[in-house]
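Colleague: Taken in sequence, the protein lines are chains P and Y.
Position 420, counted from 1, in the first sequence is what my numbering calls 420; the numbers after and before it change by one each time, with no gaps.
All you need for my numbering is the position in the second sequence, starting with 1, plus 473.
Note that the Cβ used here is the ideal one computed from N, Cα and C, for glycine as well.
Values in this document were obtained by computation on a predicted structure and should not be read as measured data.
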Amino acid sequence: MKKRVVFLLIMALAGLLGEFLLGNLSLNHKFLAGAILLLVFFTAGRKVLSQYQTAALLFAALSLAVAYSTFLSHSEIYYSFWFNFLLSSLFLSVASCLLTLKPSTSLHYLSFLVFHISVLVVALGFVINAFGERRCYLPLHRGEELHRCLPIVHGKLLRRDEAFPMAVKLQDFRVDYYSRAPVLGVFLRQGEKFNMVKGFELRKGRRYFGARFLGFQQESRRFEEKWGKGAVGAYPLGRISPSGWVYSLDAFPGMLAVVDGKRTLYYLPEKEQAVVLPDFAFVIKGFSDEIPGHNPPVKIPVLVLEVYSGYGTAEAYLAEGDRGLRFGPYSLYFSTSQVSPRVLRPEEVLVKERELKFLRGIFDIRGRRVVLVPGGEPFVDGKFAYRLMRPPVQEKEYASLLLVDGREFRVRVNSPAKHGGYTFYQSDYDPSDPDFSGIMAVREPGELVLYLGFSLMALGALLTLAYRRRTWR
Amino acid sequence: MEIIFYRMMAEGPLFWGAVLLFGAAGVLYLLSLRRRKPGLASNLFFLGAFFLVSLYIARAWLETGQPPFKTMFQSLVFLVWNISLIYFILEKGENLFFLGGPTSLFNAGVLIFSTVFSDLVRVNLPPALQSAWFVPHVILYFAGYSFLFLGFLMSLLYLPFPQRRFLGERHWSGQRWRDYDLFSYRAILYGFTFLSLGLSAGAMWAKGAWGAFWSWDPKENWALITWMVYLVYLHMRYVRGWKGRRAAWLSILGFAVVVMTYIGVNYLPSAASALHAYQ
């Protein structure tokens, strides 16, 4: 026992010294130094390394190191010399233990062998990757072709671009969002604040049990109307028109709907760009995620405007789903509804059959008939408040159509594409830029070895269970 | 506390029916310990609770069209379902009815605790979770956690009751002796198998979703630590013959690591940038 502990302490010291002495060397040199060091220790202490207790101690040391690393916010530890030396020592110990086994044809031996080999195959896969792996990030814009990429090293994106062996062009990019069907939000007053208790999805006739809210029903009618050119989108939103109708205007991200008698829609202009209308003008000053000074607090997108009219200049807030600002014959409505960003481009707008949806919720709250519209004023009843609201924006899927060396590939999350030794992953997108798509290209020479290793691990686990299940009584 | 009370109330009759039935089953199982076999009523209450939890999960799945395993609340409900299923199979197959009381009461407690994390609005799966690997990965891990929980429970029972006890009449499974140490070992072996399968499935899924088999994410790291602790447990048992108190304490340590992996990781400083955090 003492001999083993002393041996492992010397190994640990060597790993730490290596970190100190070899810190600035290249990966190849570090690997060479580590391999020599391991060979020396293997020659000197093969007997100790091939003992299960040694492997158990190394597993415990690795557990402590990994646990410690999760309390840190950076990931440098996983690429340090001492950490990889510890990992390598562990795999060497597992391999040594394996060599001490006497070959047999029993299921016990087979299961044991497969499981332990799987650990070594996984380790081999990671070693192969350490030398041949390449990861890089392609920040693509629609229609743009890139021959260079930003390297990702040790999990970090470097801001210096380097050559990429293929030409990658973003043909198209699409984001789909989940439907944001209105929900009845029930809030509880706690001090000065209203905190949300639950959001119930509207289902006609469905009753919900609770101390204060008994049930509600929904009424929904659909209207269809032909619209002229200029409007685009696919998501219905509740709105009150100047004539008092509750409409759902189809809208798209960042659309500002100015509804007058003719129901004219305008695209949301760029920040600081003025929109001049016959009776007034306004400039978009910014966005907020909460209606200022609203109680109960409402977390919805808010547009901050500066309005210029014959009466002077004023700052105004326009919340999504709000009844809108009125200026003479005009009412302003703001929407961040989600559709494919592709249809955001005004020049690609097609004339569609518009759909108007009349939506309101009729609720039976403690015997009182309450009518709520999406985004409208809450109904406050004692310490409870009820509001028809829309859940937050959630993306369902985002996908890119890539042209790599003249061949088309569709890439989405969980469905990468392979070409020329690289695998292309849909990495991210920019909600504020509908033409941007982040693609990660990965070359992993150890990929097949790792697939084999993890498959063997699963097989080994099942075999071990099959053997033990027969013999444990 | 008031808001938690109202959030609990909002869960509805299926949920609270399951809590009440688990509670009643727990009391009846504890009373049946004297008779050395489970009563019909305790079995019926337990199965009734399991049925209600199954309906609750199925309803959530059908309403959204997506597996309800994303949030902490959903995962705790699914954990209860897993533990119930595995316990009941073991009760009938291995004559482990003496675990019925603590298991039922634990399930009732977990369901009540889960309301702290209650989902306020409909839960949708983000793109990364929309994978064919999602359901098998979660099922394998939760089956593993359920076995490890039962192993932990038996290790806890072993410490005050280390002697083997006669269980009474001959059970069809051949199990006549109550040996907490042996039972604990068996449960851990099953649990470790499911963990290994879940770990492999998770690595392959991560490769398809994020482009890397392993990302040294906090959740992945603690899953690895959990796996290694039980790996050491099994090796110490096979090779060094660790049994009894030492094995029981290692099993208890292992389950503490499971709790850290499952819940504690979400509160680590590195959790903010983690890929796996429950919302």
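Starting from Ala60(P), find everything on chain Y with Cβ-Cβ shorter than 9 Å and list it in chain order.
Modeller: Along the first sequence, read from residue 1 onward, the residue named residue 60(P) stands at position 60. Ordered by position in chain Y, the residues that pass the 9 Å Cβ test against Ala60(P) are Met701, Val702, Val705.
Colleague: Could you spell out where the beta strand (DSSP E) holding Val6(P) opens and where it closes?
Modeller: If you number the first sequence from 1, residue 6(P) lands on position 6. Looking at the DSSP string, Val6(P) is not in any beta strand (DSSP E); the run it does join, the alpha helix (DSSP H), is 2-22.
Colleague: Grouping DSSP H, G and I as helix and E and B as strand, with all else coil, what is Asn195(P)?
Modeller: Counted from its first residue, the first sequence places residue 195(P) at position 195. Three-state DSSP puts Asn195(P) in a strand.
Colleague: Can you say whether Thr43(P) is buried or exposed, counting buried as having 16 or more other CB atoms within 10 angstroms of its CB?
Modeller: Locating residue 43(P) in the first sequence gives position 43, counting from the first residue. Classification of Thr43(P): exposed, given that the 10 Å Cβ count is below 16.
Colleague: At what residues does the alpha helix (DSSP H) containing Ile128(P) begin and finish?
Modeller: Here residue 128(P) is taken as the residue at index 128 of the first sequence, counted from 1. Looking at the DSSP string, the run of the alpha helix (DSSP H) that includes Ile128(P) is 107-132.
Colleague: Which of the three DSSP states is assigned to Asp592(Y) in this structure?
Modeller: Position 119 of the second sequence, counting from 1, holds the residue named residue 592(Y). Asp592(Y) falls in the coil class under three-state DSSP.
Colleague: Measure the C-alpha to C-alpha separation of Leu98(P) and Ser619(Y) and round it to an integer number of angstroms.
Modeller: The residue labelled residue 98(P) in the question sits at position 98 within the first sequence. The residue labelled residue 619(Y) in the question sits at position 146 within the second sequence. In a straight line, the C-alpha of Leu98(P) is about 31 Å away from that of Ser619(Y).
Colleague: If we call anything under 8 Å between Cβ atoms a contact, is Ile604(Y) one with Ala682(Y)?
Modeller: Walking along the second sequence from the start, residue 604(Y) turns up at place 131. Walking along the second sequence from the start, residue 682(Y) turns up at place 209. Correcting the residue type first, residue 604(Y) is Ser in the shown sequence and not Ile. Contact flag set, yes.
Colleague: For Val48(P) and Lys510(Y), what's the separation of their Cα atoms in angstroms?
Modeller: The residue you call residue 48(P) lines up with position 48 of the first sequence. The residue you call residue 510(Y) lines up with position 37 of the second sequence. Roughly 50 Å separates the two Cα atoms.
Colleague: Mark Lys383(P) as exposed unless 16 or more other C-beta atoms lie within 10 angstroms of its C-beta, in which case mark it buried.
Modeller: The residue labelled residue 383(P) in the question sits at position 383 within the first sequence. Looking at its Cβ environment, which holds fewer than 16 other Cβ atoms inside 10 Å, Lys383(P) is exposed.
Colleague: Does the distance from the C-beta atom of Phe551(Y) to that of Phe542(Y) stay below 8 Å?
Modeller: Mapped onto the second sequence, residue 551(Y) falls at position 78. Mapped onto the second sequence, residue 542(Y) falls at position 69. Taking 8 Å as the Cβ cut-off, Phe551(Y) and Phe542(Y) qualify as a contacting pair.
Colleague: Nearest-angstrom Cα distance between Leu741(Y) and Ala696(Y)?
Modeller: Your numbering for residue 741(Y) matches position 268 in the second sequence. Your numbering for residue 696(Y) matches position 223 in the second sequence. Looking at the two C-alpha atoms, the distance is approximately 14 Å.
Colleague: Can you confirm whether Ala453(Y), when its beta carbon is compared against all beta carbons of chain P, has any partner nearer than 8 Å?
Modeller: Because residue 453(Y) is not part of the residues shown, which for chain Y are 474 to 752, the question remains open.
Colleague: Once the 5 residues before and after Leu403(P) are set aside, which same chain residues still bring their CB inside 6 Å of it?
Modeller: Here residue 403(P) refers to the residue found at position 403 when the first sequence is read from its first residue. These residues qualify, in order along the chain: Lys169, Gln171.
Colleague: Please report the Cβ distance between Met709(Y) and Ala56(P), rounded to the nearest whole angstrom; I am assuming they are in contact, meaning their Cβ atoms lie under 8 Å.
Modeller: Within the second sequence, the letter at position 236 stands for residue 709(Y). Within the first sequence, the letter at position 56 stands for residue 56(P). At roughly 6 Å, the Cβ-Cβ gap stays under 8 Å, so Met709(Y) and Ala56(P) are in contact.
Colleague: Could you give the DSSP three-state label for Thr100(P): helix, strand or coil?
Modeller: Here residue 100(P) refers to the residue found at position 100 when the first sequence is read from its first residue. Correct three-state label for Thr100(P): coil.
Colleague: Quick check on Leu38(P): does DSSP put it in helix, strand or coil?
Modeller: Position 38 of the first sequence, counted from the first residue, corresponds to residue 38(P). The answer is helix: DSSP assigns Leu38(P) an H, G or I state.
Colleague: Got a sec? Which residues, its chain only, sit under 8 Å from Ile725(Y) by beta carbon, not counting five neighbours each side?
Modeller: Along the second sequence, one-based indexing puts residue 725(Y) at 252. Within the same chain, Ile725(Y) has close Cβ partners Phe625, Ser628, Leu629.
Colleague: Of all the CB atoms in chain P, is at least one closer than 8 Å to the CB of Leu670(Y)?
Modeller: One-based indexing of the second sequence puts residue 670(Y) at position 197. Yes, Leu670(Y) counts as interfacial toward chain P.
Colleague: Distance check for Ala458(P) and Leu670(Y), CA to CA, integer angstroms please.
Modeller: Looking up residue 670(Y) in the second sequence gives position 197. Looking up residue 458(P) in the first sequence gives position 458. If you take the alpha carbons of Leu670(Y) and Ala458(P), they lie about 5 Å apart.
Colleague: Is there a Cβ from chain P that is less than 8 Å from the Cβ of Leu528(Y)?
Modeller: The residue you call residue 528(Y) lines up with position 55 of the second sequence. No, no contact with chain P.
Colleague: Where do the ends of the alpha helix (DSSP H) carrying Ile698(Y) lie?
Modeller: As a position in the second sequence, residue 698(Y) is number 225, starting the count at 1. Residues 691-712.
Colleague: Check the Cβ-Cβ distances between Leu158(P) and every residue of chain Y, and say whether any is below 8 Å.
Modeller: The residue you call residue 158(P) lines up with position 158 of the first sequence. Cβ-Cβ to chain Y under 8 Å: no for Leu158(P).
Colleague: Chain Y partners of Tyr467(P), CB-CB under 7 Å?
Modeller: Position 467 of the first sequence, counted from the start, is the residue given in the question as residue 467(P). Simply none; closest approach about 10 Å.
Colleague: Can you have a look at Tyr735(Y) and say buried or exposed, based on whether 16 or more other CB atoms are within 10 angstroms of its CB?
Modeller: The count along the second sequence starts at 1 and reaches residue 735(Y) at position 262. By the neighbour-count rule (16 or more Cβ atoms within 10 Å), Tyr735(Y) is buried.
Colleague: Please state the DSSP three-state secondary structure of Tyr247(P).
Modeller: As a first step, residue 247(P) is located in the first sequence; it is residue number 247 there, counting from the start. Because Tyr247(P) carries a pLDDT of 29, less than 50, the predicted location of this residue cannot be relied on, and the following value inherits that uncertainty. In the structure shown, Tyr247(P) sits in a strand (DSSP, three-state: E or B).
Colleague: So with Cβ pairs under 8 Å, would you call Lys491(Y) a contact of chain P?
Modeller: The residue labelled residue 491(Y) in the question sits at position 18 within the second sequence. A quick correction: the sequence has Ala, not Lys, at residue 491(Y). No, Ala491(Y) lies away from the interface with chain P (no Cβ there is under 8 Å from its Cβ).
Colleague: Nearest CA to the CA of Ala755(Y): which residue from Ala676(Y), Tyr614(Y), Leu494(Y), Glu536(Y)?
Modeller: The requested residue 755(Y) does not occur in the structure, where chain Y is confined to residues 474 to 752.
Colleague: If we ignore side chains and look at the alpha-carbon of each, how far apart do Leu37(P) and Val66(P) end up?
Modeller: Position 37 of the first sequence, counted from the start, is the residue given in the question as residue 37(P). Position 66 of the first sequence, counted from the start, is the residue given in the question as residue 66(P). Going from the Cα of Leu37(P) to the Cα of Val66(P) covers about 22 Å.
Colleague: Go ahead and label Gln190(P) buried or exposed: buried means 16 or more other beta carbons lie within 10 angstroms of its beta carbon, across all protein chains shown.
Modeller: As a working note, residue 190(P) is residue 190 in the first sequence. Classification of Gln190(P): exposed, given that the 10 Å Cβ count is below 16.
Colleague: Specify the secondary structure class of Phe478(Y) as computed by DSSP and reduced to three states.
Modeller: Against the second sequence, residue 478(Y) aligns to sequence position 5. Three-state DSSP puts Phe478(Y) in a helix.
Colleague: Using a threshold of 8 Å, state whether the C-beta atoms of Val583(Y) and Ser557(Y) are closer than that.
Modeller: As a first step, residue 583(Y) is located in the second sequence; it is residue number 110 there, counting from the start. As a first step, residue 557(Y) is located in the second sequence; it is residue number 84 there, counting from the start. Going by C-beta atoms, Val583(Y) is not nearer than 8 Å to Ser557(Y).
Colleague: In chain order, what residues of the same chain have a beta carbon less than 6 Å from the beta carbon of Val119(P), not counting five sequence neighbours either side?
Modeller: On the first sequence, residue 119(P) is found 119 positions in, with the first residue counted as 1. Here the set comprises Val94.
Colleague: Have a look at the DSSP bridge pairing and note the partners of Lys418(P).
Modeller: Locating residue 418(P) in the first sequence gives position 418, counting from the first residue. Beta-bridge pairing links Lys418(P) to Thr423(P).
Colleague: Where do the ends of the beta strand (DSSP E) carrying Leu402(P) lie?
Modeller: Taking the first residue of the first sequence as 1, we reach residue 402(P) at position 402. 395-404 is the span of the beta strand (DSSP E), which, as asked, contains Leu402(P).
Colleague: If I'm right that Ser69(P) touches Tyr79(P) with Cβ under 8 Å, what's the distance once you round it to whole angstroms?
Modeller: Within the first sequence, numbered from 1, the residue matching residue 69(P) stands at position 69. Within the first sequence, numbered from 1, the residue matching residue 79(P) stands at position 79. Not a contact, Cβ separation roughly 11 Å.
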